[in-house]
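Protein chains in written order, with my numbering: chain C, 5 to 113; chain F, 395 to 562.
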Amino acid sequence: MAEIGRVRIKVPSSIKPGDVVRVRVLVIHPMEIVQRRDGKPMDKNYHFINRVAVIYLGTEIAQFETTQSISENPFFSFTFKATEPGPLKVTFLDTHGGTYEGATDIKFS
Amino acid sequence: MDGVTAVTRRTMLRAGALLGLAGLVGPGLGRPLRAQAQGNLSSLGPEESVDATMKRLFGSRPIRDGASLIKMELPLIAENGAVVPISVEIDVPMTPQSYVKSIYIISDKNRRPLNARFSLTPAMGQASIGTNLRLGESTDVRAVAEMSDGTLLMTKREVKVTVGGCGG
Numbered sequence: 005m006a007e008i009g010r011v012r013i014k015v016p017s018s019i020k021p022g023d024v025v026r027v028r029v030l031v032i033h034p035m036e037i038v039q040r041r042d043g044k045p046m047d048k049n050y051h052f053i054n055r056v057a058v059i060y061l062g063t064e065i066a067q068f069e070t071t072q073s074i075s076e077n078p079f080f081s082f083t084f085k086a087t088e089p090g091p092l093k094v095t096f097l098d099t100h101g102g103t104y105e106g107a108t109d110i111k112f113s
Numbered sequence: 395m396d397g398v399t400a401v402t403r404r405t406m407l408r409a410g411a412l413l414g415l416a417g418l419v420g421p422g423l424g425r426p427l428r429a430q431a432q433g434n435l436s437s438l439g440p441e442e443s444v445d446a447t448m449k450r451l452f453g454s455r456p457i458r459d460g461a462s463l464i465k466m467e468l469p470l471i472a473e474n475g476a477v478v479p480i481s482v483e484i485d486v487p488m489t490p491q492s493y494v495k496s497i498y499i500i501s502d503k504n505r506r507p508l509n510a511r512f513s514l515t516p517a518m519g520q521a522s523i524g525t526n527l528r529l530g531e532s533t534d535v536r537a538v539a540e541m542s543d544g545t546l547l548m549t550k551r552e553v554k555v556t557v558g559g560c561g562g
């Protein structure tokens, strides 16, 4: 998958100050599952996302710990309270040391 | 000779500035964000029964029935266990005094029952999250909410899975 780590992030087009805004975010990632041989799990460094951080206005507002029981190309939705215009950033960390970032600017209209 | 010292000093200053910057670049958040290269079997959750998972996560703390507060949306029948959409919403106000601290999603019959843990803060305005799960077979799915005062609420629902998603 050449596109691994591409992040898509979606927020509503019109946001008013004080709104609770729903964000949807998707990252392209294989989320490797445990392989078995003769019923025994193989030991290797499986490639999956194990941590997601949501950062709004420079403050971490949520952190998700994920496992392999989250589907391939993981999707997350969450809400946050839009208090001020500014950047919203979602960072994904995987077990191979990869860091993938999606960001959007929160503007009021 | 003068020139040599000047260059050295400039180099030193530049190196110092770079070091300073490197120190600042780290994310200034509560918990440190580190890329963890840990996907080995030993660092995954152990293969265990759901009872063992519940015990490992919550010990012997009492868990209240939260069916009236937790709204869990999940298909009744999932054709493909590899992608099962779930959304969990907890109907309590998120104030700095009292909020939902974490949401755990646990699938009873997966080899490693804990699917994910969501740690939330009052800045989210609402305790409402969604994701896609992998389920190995038809199973109960539980959502456990941990409040900031330590109260645990739980609800569960069964999902019929037609084709397993080889959940981990």
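Where is the CB? At the ideal position from N, CA and C, for every residue including glycine.
Please read these numbers as outputs of a predicted model, since none were measured by experiment.
Task: Distance between F/Gly-519 and C/Lys-20 (C-alpha atoms, nearest Å) - done: 14 Å
Open item on the list: Please state the DSSP three-state secondary structure of C/Pro-16.
Closed with: coil
TODO: Using a cut-off of 9 Å between C-beta atoms, extract the partners of F/Ser-501 located in chain C.
DONE: Ser-73
Task: Residue burial classification, F/Ile-480 (beta-carbon count within 10 angstroms, cutoff 16) - done: buried
TODO: Determine the extent of the beta strand (DSSP E) in which C/Lys-85 is found, giving its start and end residues.
DONE: 79-85
Task: Beta-carbon neighbours of F/Ile-523, restricted to chain C and to distances below 9 Å - done: Ala-66, Phe-68, Phe-80, Ser-81, Phe-82 and Thr-83
TODO: Could you round the C-beta distance between F/Val-482 and F/Ile-457 to whole angstroms and report it? I think they count as a contact, below 8 Å.
DONE: Actually they are not in contact, since the Cβ atoms of F/Val-482 and F/Ile-457 sit about 16 Å apart, beyond 8 Å.
- [ ] Give, in chain order, every residue of the segment 36-55 of chain C whose Cβ lies closer than 9 Å to some Cβ of chain F.
- [x] Glu-36, Ile-37, Val-38, Pro-45, Met-46, Asp-47, Lys-48, Asn-49, Tyr-50, His-51, Phe-52, Asn-54 and Arg-55
Open item on the list: Run through the DSSP bridge pairs and tell me what C/Ile-32 is partnered with.
Closed with: Partner(s): none; C/Ile-32 has no beta bridge.
TODO: Take the Cβ of F/Pro-507 as the centre, count every other Cβ of all protein chains shown within 10 Å, and call the residue buried at 16 or more, exposed below.
DONE: buried
- [ ] Mind checking which residues open and close the beta strand (DSSP E) that includes F/Asp-459?
- [x] 457-459
- [ ] Return the chain-ordered list of same chain residues with a C-beta closer than 7 Å to the C-beta of F/Phe-452, the five sequence neighbours on each side being excluded.
- [x] Leu-546
Task: is_contact[C/Pro-24, chain F] using C-beta, thresh 8 Å - done: According to the sequence provided, residue 24 of chain C is Val. The question's Pro does not apply to it. It does; some Cβ of chain F falls within 8 Å.
Task: Under 9 Å (Cβ pairs) to chain F, residues found in the segment 89-103 of chain C - done: Thr-95, Leu-97, Asp-98, Thr-99, His-100, Gly-101, Gly-102 and Thr-103
Open item on the list: For F/Thr-549, tell me which candidate among F/Ser-532, F/Gly-475, F/Met-466 and F/Ala-510 has the shortest Cα-Cα distance.
Closed with: F/Met-466
TODO: Can you give me the Cβ contacts of C/Asn-49 inside the same chain, cut-off strictly under 7 Å, excluding the 5 residues immediately before and after it?
DONE: Thr-99 and His-100
Task: Buried versus exposed, by CB contacts within 10 Å (16 or more), C/Gln-67 - done: buried
- [ ] Consider the Cβ of C/Glu-76: report whether some Cβ of chain F lies at a distance smaller than 8 Å.
- [x] yes
Task: Beta-carbon proximity list for C/Ile-37, same chain, < 6 Å, skipping 5 on both sides - done: Gln-72
TODO: Report yes if the C-beta distance between F/Thr-525 and C/Ile-8 is below 8 Å; otherwise report no.
DONE: no
TODO: Report the neighbours of F/Thr-515 on chain C: residues whose CB is nearer than 7 Å to its CB, in chain order.
DONE: Ile-65 and Ala-66
Task: Where F/Val-444 meets chain C, residues with beta-carbon distance less than 7 Å - done: Those within 7 Å of F/Val-444 in chain C number zero; the least Cβ separation is about 12 Å.
- [ ] With 9 Å as the limit, tell me which residues of the segment 532-548 of chain F have their beta carbon closer than that to any beta carbon of chain C; keep them in chain order.
- [x] none
Open item on the list: For F/Met-448, report the span of its alpha helix (DSSP H) as first-last.
Closed with: 444-452
Task: Opening and closing residue of the beta strand (DSSP E) in which F/Thr-549 lies - done: 546-557
Task: Beta-carbon contacts of F/Phe-512 that lie in its chain and below 7 Å, excluding the five residues immediately before and after - done: Ser-496, Ile-497 and Ile-523
Open item on the list: Going by DSSP, what residue range makes up the beta strand (DSSP E) through C/Thr-108?
Closed with: 103-110
Task: Through-space distance from C/Lys-111 to F/Ser-542, alpha-carbon basis - done: 31 Å
Open item on the list: For a test of the three-state rule: what should DSSP assign to F/Ile-517, helix, strand or coil?
Closed with: The sequence given here places Ala at residue 517 of chain F; Ile does not occur at that position. Note: F/Ala-517 maps to helix in three-state DSSP.
Task: Whether F/Gly-557 touches F/Asn-504 by CB criterion (8 Å) - done: Looking at the sequence shown, residue 557 of chain F is not Gly but Val. No, they are not a contact pair.
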